[in-house]
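For the record, in the sequence shown the residue sitting at position 691 is 691 according to the UniProt record's numbering, with numbers rising by one throughout.
Virtual Cβ for every residue (Gly too), placed ideally from N, Cα, C.
These numbers were taken from a predicted model, which means no experiment stands behind them.
Here's the structure, in structure tokens; my notes come after.
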Amino acid sequence: MLKQIKYIGSFILLLFSNLLFAQQSVRLNNNWEFLKQDLGGVWEAVRPVGLGNPESVPLWQKVSLPHCVNAEDAVDPDVNYYQGPAWYRTNLKIENPYQNGRTILHFEGAGQKTEVYVYTTKVATHVGGYDEWTADITDAVVAFQKTEVYQKQFKGKVPVAVRTDNSRDLEMIPSDLSDFNVYGGIYRYLNLVYAPALSVDKMFAKAEVDAQGKMGKLNVKTRLYNPSGLNNATIELKLIDPAGKIVAKTLQKPGDLTGDLDLWTVEVKKPQLWSTDKPAQYTLQYEIISTSGNYKREEKIGFRNIEFVEKGPFKLNGQRLLLRGTHRHEDHAGVAAAMTEGMIRQEMQMMKDMGVNFIRLGHYQQSRIVLNLCDSLGIMVWEEIPWCRGGLGGPVYQQQAKRMLTNMVEQHYNHPAIIIWGIGNENDWPGDFPEFDKEKIRAFMKELNDLSHKLDKSRYTAIRRCDFCSDIVDVYSPSIWAGWYRGAFTDYKKASEDEFAKVKRFLHVEWGGDSHALRHSENPDKALGKIKTGGATDERAGDASLYGGAARISKDGDWSESYITNLIDWHLKEQENMPWLSGTAYWPFKDFSTPVRPDNPVPYMNQKGVVERDFTKKEAYYVFQSYWTSQPMAHIYGHSWPVRWGDEGEEKMVKVYSNCTEAEIFLNGKSFGTKKRNSQDYPAAGLRWNLPFVKGENTVKVIAKKGKETVTDEIKFTYQTEKWAKPSQLELKKIDQQGDIATVEVKLLDNRNVLCLDAINWISFGLTGDGKLIDNQGTSSGSRKVQAYNGRAIIKVKLNKGQSMVSVASEGLKTVFTTL
Numbered sequence: 001m002l003k004q005i006k007y008i009g010s011f012i013l014l015l016f017s018n019l020l021f022a023q024q025s026v027r028l029n030n031n032w033e034f035l036k037q038d039l040g041g042v043w044e045a046v047r048p049v050g051l052g053n054p055e056s057v058p059l060w061q062k063v064s065l066p067h068c069v070n071a072e073d074a075v076d077p078d079v080n081y082y083q084g085p086a087w088y089r090t091n092l093k094i095e096n097p098y099q100n101g102r103t104i105l106h107f108e109g110a111g112q113k114t115e116v117y118v119y120t121t122k123v124a125t126h127v128g129g130y131d132e133w134t135a136d137i138t139d140a141v142v143a144f145q146k147t148e149v150y151q152k153q154f155k156g157k158v159p160v161a162v163r164t165d166n167s168r169d170l171e172m173i174p175s176d177l178s179d180f181n182v183y184g185g186i187y188r189y190l191n192l193v194y195a196p197a198l199s200v201d202k203m204f205a206k207a208e209v210d211a212q213g214k215m216g217k218l219n220v221k222t223r224l225y226n227p228s229g230l231n232n233a234t235i236e237l238k239l240i241d242p243a244g245k246i247v248a249k250t251l252q253k254p255g256d257l258t259g260d261l262d263l264w265t266v267e268v269k270k271p272q273l274w275s276t277d278k279p280a281q282y283t284l285q286y287e288i289i290s291t292s293g294n295y296k297r298e299e300k301i302g303f304r305n306i307e308f309v310e311k312g313p314f315k316l317n318g319q320r321l322l323l324r325g326t327h328r329h330e331d332h333a334g335v336a337a338a339m340t341e342g343m344i345r346q347e348m349q350m351m352k353d354m355g356v357n358f359i360r361l362g363h364y365q366q367s368r369i370v371l372n373l374c375d376s377l378g379i380m381v382w383e384e385i386p387w388c389r390g391g392l393g394g395p396v397y398q399q400q401a402k403r404m405l406t407n408m409v410e411q412h413y414n415h416p417a418i419i420i421w422g423i424g425n426e427n428d429w430p431g432d433f434p435e436f437d438k439e440k441i442r443a444f445m446k447e448l449n450d451l452s453h454k455l456d457k458s459r460y461t462a463i464r465r466c467d468f469c470s471d472i473v474d475v476y477s478p479s480i481w482a483g484w485y486r487g488a489f490t491d492y493k494k495a496s497e498d499e500f501a502k503v504k505r506f507l508h509v510e511w512g513g514d515s516h517a518l519r520h521s522e523n524p525d526k527a528l529g530k531i532k533t534g535g536a537t538d539e540r541a542g543d544a545s546l547y548g549g550a551a552r553i554s555k556d557g558d559w560s561e562s563y564i565t566n567l568i569d570w571h572l573k574e575q576e577n578m579p580w581l582s583g584t585a586y587w588p589f590k591d592f593s594t595p596v597r598p599d600n601p602v603p604y605m606n607q608k609g610v611v612e613r614d615f616t617k618k619e620a621y622y623v624f625q626s627y628w629t630s631q632p633m634a635h636i637y638g639h640s641w642p643v644r645w646g647d648e649g650e651e652k653m654v655k656v657y658s659n660c661t662e663a664e665i666f667l668n669g670k671s672f673g674t675k676k677r678n679s680q681d682y683p684a685a686g687l688r689w690n691l692p693f694v695k696g697e698n699t700v701k702v703i704a705k706k707g708k709e710t711v712t713d714e715i716k717f718t719y720q721t722e723k724w725a726k727p728s729q730l731e732l733k734k735i736d737q738q739g740d741i742a743t744v745e746v747k748l749l750d751n752r753n754v755l756c757l758d759a760i761n762w763i764s765f766g767l768t769g770d771g772k773l774i775d776n777q778g779t780s781s782g783s784r785k786v787q788a789y790n791g792r793a794i795i796k797v798k799l800n801k802g803q804s805m806v807s808v809a810s811e812g813l814k815t816v817f818t819t820l
């Protein structure tokens, strides 16, 4: 009976311990109010308000976190995105389970300058939109709880107000010349953390292994958070393998609890290695035991060996691995930077499914959620600070850059996925200051490089596109945009070889080009005839402009998905025959918003992604998948191409992107033969057929085989043989309705009612009535102003169970309407 009571007591203690652990941190997602302007002072956020009284204005909006100030205006075609102060407020029920414990607000990211208030007391400020930081509100909470208004006005809750500000500031990074929005708001998760008087500020776990994987070593250091000045604690550490088995453990009683404490070094024989195919993760559990209460946490770590060979490839765990990479901006349709964990998880899984094993996080420290997913999915990382364009500022500017680098390295130190710390991007780009001094930029780049190595000797440093600093960092990426900003894509390999010869360690990040989703071409390479080949392929000042300068595809091409798939196809087949290549990273994975591209087919969008801003896959996604994955797949080009065109009896090319050994094609039920895949047989690795479409409806099907597995794909489309003249009229119709959401399509027709399949006119949608356009999404079907794709454009309407009239206008054509 006594034994049973003992077990029950132990179970209750364990349950309480786990419950306490769960209570230590909670996301503050709900019950927030938001104001998109400044206040006269924090008092306006907390003063008593009577219904209808003057104090009730300005009016606040109910929101949930994460929340971005620029959720929609970043891609509004008619305005500049808002850059200025904004306020958030909520009332918190504080229930700290620790006696004399600390109550902390943990910001995972807020942009770009932030102030935190408890009632009217300012408790913290922070500059920087991408690193994590905390506000210890303990003392302010205790003081406020002693006031009369705590119970009388706030009913036992504590008012918290947060002011964010993304106003333009030349003495702050990133520069507003950057090709991305400098967002405002609490756009990452905000956590309420309860901690005992003694807890952990940072835990540094350095996991190393030799190239053969025979012997691993773990070194653990910590920095405690000890505002009360306690001087006695026990620290328990456990190393647990991927199967859950305890490999080693220790109990430490440090004599000094200040500074960085060297806690534990342990050897691990034949550790399970972290790799891109099998990302084995160990768990470091630690518990701080003191009179103030126990504090328990864990870190995921991985044993892996990395090497960028001088004048050679990249090696992971002693074996050559081609880095197959892409890029990510923190940006999504309808929410801008305020992506939820679910959205981030979906995005990273889509990358992995495409075959990505490497990512450059451009151009700033990103969410811990992203890094955790890279660890678990097996995606290696180049993470960088936002020193991007504009030149070099003064002491405040430089100190911020150093602090951002320090915070990034310390906060993400334990992630096995990270192999490179980036310390700059396009730092050869002037504009923010009257002076542009290359020697001063070099000197500061050296400071950052030295600081990075001091903070972390185990990882490489890198920059992209600043040739006069290429010798400073460990790894360098030049600017190579073959077939987009300069030259033809057939220049790619020669350009890479030339740049490879100039530096110790070469890695090519940023290549590709824009594609306007849903736009296709029967002759996508036509513009290449204007392009000078055999020369430079770098991006230069003014190349991103759609006006003036030398002939280039970015200005003179058709921005079709057809062209970009050809460009990508060529690059990928060449990369298979470059044994010296460490790797590349396509720019970027997903279309993202930018203030410097107002005239793009979707205004204010960089459209180089292989998926749209809402995760809709473009055709290019499947080109990568056909080269980079092993799970059998086959994709016929043209799923989003409803009407093809040509002469009657003319044979038209059909391409199949597949990683299968062979594929057989069928047109309208008839086989047109089987072909073998050969990655060097461009385009589509030899899986292409010239087929005689019939006028009107056609069906194309492919059956592809790899070993014993078979996969299929099918598309249906119309083949138009009628020629067309210039657009002379618009036709607007509802083409679909799902519940309360209707889809309308506009077509540009000539004077004989023939669809003008090469029309790229600007289209403007409008609405009056009960409904609402689903616009400001930054997608080809989610913008009220958009360039046509093959003579058409679509947009969705939320009907709100009422009646609406949708209009569509295009310069020189009569505006038309339809009623929904």
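Original post:
Is the beta carbon of residue 756 less than 8 Å from the beta carbon of residue 778?
Top reply: Numbered from its first residue, the sequence shown carries residue 756 at position 756. Numbered from its first residue, the sequence shown carries residue 778 at position 778. No, these two residues do not count as a Cβ contact at 8 Å.
**OP:** Please determine if the segment 300-316 and the segment 548-567 are in contact, where contact requires at least 3 C-beta pairs separated by less than 8 Å.
**Re:** no
Subject >> 3 or more residues per run - each beta strand (DSSP E) lying fully within the segment 38-66 >> reply: 61-63
Subject >> Sequence-distant residues of the same chain with beta carbon closer than 8 Å to residue 141, five excluded per side >> reply: Taking the sequence shown and counting its residues from 1, one reaches residue 141 at position 141. Here the set comprises 94, 103, 118, 158.
Subject >> contact_flag[the segment 577-589, the segment 164-183] where n(CB pairs < 8 Å) is 3 or more >> reply: no
Original post:
With 16 as the cutoff for other CB atoms within 10 Å, does residue 397 come out buried or exposed?
Top reply: One-based indexing of the sequence shown puts residue 397 at position 397. Per the 10 Å Cβ criterion, buried.
Original post:
Taking the alpha-carbon positions, what's the residue 265 to residue 401 distance?
Top reply: Here residue 265 refers to the residue found at position 265 of the sequence shown. Here residue 401 refers to the residue found at position 401 of the sequence shown. Straight-line spacing of the CA atoms in residue 265 and residue 401 works out to 32 Å.
Original post:
If you drop the 5 nearest sequence neighbours on each side, which residues of the same chain put their C-beta closer than 7 Å to that of residue 250?
Top reply: Here residue 250 refers to the residue found at position 250 of the sequence shown. Only 237, 264 meet the Cβ criterion.
Subject >> Anticipated Cβ contact below 8 Å, residue 29 with residue 65, distance rounded >> reply: In the sequence shown, residue 29 corresponds to position 29, counting from 1. In the sequence shown, residue 65 corresponds to position 65, counting from 1. About 5 Å separates the two Cβ atoms, so the contact holds.
Original post:
residue 649 bridges to which residues according to DSSP?
Top reply: Mapped onto the sequence shown, residue 649 falls at position 649. Residue 649 pairs with nothing; no bridge assigned.
Original post:
Residue ranges of each alpha helix (DSSP H) run of no fewer than 4 residues wholly in the segment 385-442, ordered along the chain?
Top reply: 395-411
Subject >> Cβ neighbour criterion (16 or more within 10 Å) applied to residue 429 >> reply: Along the sequence shown, read from residue 1 onward, the residue named residue 429 stands at position 429. Residue 429 should be labelled buried.
Subject >> For residue 720: DSSP bridge partner residues >> reply: Here residue 720 corresponds to residue number 720 of the sequence shown, with the count starting at 1. DSSP lists 645 as partners of residue 720.
**OP:** Would you list, in sequence order, the uninterrupted beta strand (DSSP E) runs of no fewer than 3 residues that lie entirely inside the segment 337-376?
**Re:** 358-361
Original post:
Residues bridged to residue 332 by DSSP?
Top reply: The residue you call residue 332 lines up with position 332 of the sequence shown. Residue pairing from DSSP places residue 332 in a beta bridge opposite 336.
**OP:** Go through its chain and collect everything with a Cβ distance to residue 805's Cβ below 6 Å, but skip five positions before and after it.
**Re:** By one-based count along the sequence shown, residue 805 stands at place 805. So the list reads 768, 769, 817, 819, once near-sequence residues are dropped.
Original post:
Span of the beta strand (DSSP E) holding residue 194?
Top reply: If you number the sequence shown from 1, residue 194 lands on position 194. Where residue 194 is concerned, the enclosing beta strand (DSSP E) stretches over 190-195.
Subject >> Proximity below 8 Å, CB of residue 763 to CB of residue 798 >> reply: The count along the sequence shown starts at 1 and reaches residue 763 at position 763. The count along the sequence shown starts at 1 and reaches residue 798 at position 798. Their beta carbons are not under 8 Å apart, which means residue 763 does not touch residue 798 by this criterion.
Original post:
Which stretch, first to last residue, makes up the beta strand (DSSP E) that contains residue 675?
Top reply: Start at 1 with the first residue of the sequence shown, and residue 675 comes out as number 675. Where residue 675 is concerned, the enclosing beta strand (DSSP E) stretches over 670-676.
Original post:
Comparing the CB of residue 558 with every heavy atom of the ligand FAD, is any distance shorter than 7 Å?
Top reply: You won't find the ligand FAD in this model; it holds no ligand whatsoever.
**OP:** At 3 residues or longer, and completely inside the segment 91-139: list those beta strand (DSSP E) runs for me, N to C.
**Re:** 102-107, 113-118, 121-127, 133-136
Original post:
Tell me which same chain residues have a C-beta within less than 6 Å of the C-beta of residue 61, skipping the five on either side of it?
Top reply: Taking the first residue of the sequence shown as 1, we reach residue 61 at position 61. Closer than 6 Å at Cβ, skipping near neighbours: 34.
**OP:** Whole angstroms is fine: what's the gap from residue 472's alpha carbon to residue 406's?
**Re:** Reading the sequence shown from its first residue, position 472 is the one you call residue 472. Reading the sequence shown from its first residue, position 406 is the one you call residue 406. Approximately 19 Å, taken between the alpha carbons.
Subject >> Residue nearest to residue 647 in terms of C-alpha spacing, selected from 476, 723, 451 >> reply: Indexing the sequence shown from 1 puts residue 647 at position 647. Of the listed residues, the one whose Cα sits closest to residue 647 is 723.
**OP:** Can you give me the Cβ contacts of residue 470 inside the same chain, cut-off strictly under 8 Å, excluding the 5 residues immediately before and after it?
**Re:** Within the sequence shown, the letter at position 470 stands for residue 470. Excluding positions up to five away in sequence, the list reads 463, 476, 478, 502, 503.
Original post:
Run through DSSP, which three-state label would residue 532 get?
Top reply: Here residue 532 refers to the residue found at position 532 when the sequence shown is read from its first residue. Reduced to three states, the DSSP call for residue 532 is coil.
Original post:
Start and end of the beta strand (DSSP E) containing residue 72?
Top reply: Position 72 of the sequence shown, counted from the first residue, corresponds to residue 72. Run containing residue 72: none; DSSP gives neither H nor E here.
Original post:
Which one or two residues does DSSP pair with residue 246 in a beta bridge?
Top reply: Locating residue 246 in the sequence shown gives position 246, counting from the first residue. According to DSSP, residue 246 bridges with 240.
Original post:
residue 21 by DSSP, collapsed to three states: which one?
Top reply: Taking the sequence shown and counting its residues from 1, one reaches residue 21 at position 21. In this prediction, residue 21 scores a pLDDT of 46, lower than 50, which makes its location untrustworthy; no coordinate-derived value is stated.
Original post:
Are at least three pairs of beta-carbons, each pair with one atom in the segment 646-665 and one in the segment 734-747, less than 8 Å apart?
Top reply: no
Original post:
Can we say the segment 443-450 touches the segment 478-493, given the rule of at least three CB pairs closer than 8 Å?
Top reply: no
**OP:** Can you tell me which of 289, 124, 176, 297 puts its alpha carbon nearest to the alpha carbon of residue 202?
**Re:** Working through the sequence shown from its first residue, we reach residue 202 at position 202. For residue 202, the nearest C-alpha among the options comes from 297.
Subject >> Simplified DSSP assignment, three categories, for residue 208 >> reply: Within the sequence shown, residue 208 is the residue found at index 208, counting from 1. When secondary structure is reduced to three states using DSSP, residue 208 falls in the strand class.
**OP:** Determine the extent of the alpha helix (DSSP H) in which residue 151 is found, giving its start and end residues.
**Re:** Taking the sequence shown and counting its residues from 1, the one referred to as residue 151 is at position 151. Note, residue 151: alpha helix (DSSP H), 148-152.
Subject >> residue 31 versus residue 91 - alpha carbon distance >> reply: Locating residue 31 in the sequence shown gives position 31, counting from the first residue. Locating residue 91 in the sequence shown gives position 91, counting from the first residue. Near 8 Å, if we compare the C-alpha coordinates of residue 91 and residue 31.
Original post:
How is the beta strand (DSSP E) around residue 289 delimited, first residue to last?
Top reply: Position 289 of the sequence shown, counted from the first residue, corresponds to residue 289. Counting along the chain, the beta strand (DSSP E) containing residue 289 begins and ends at 282-289.
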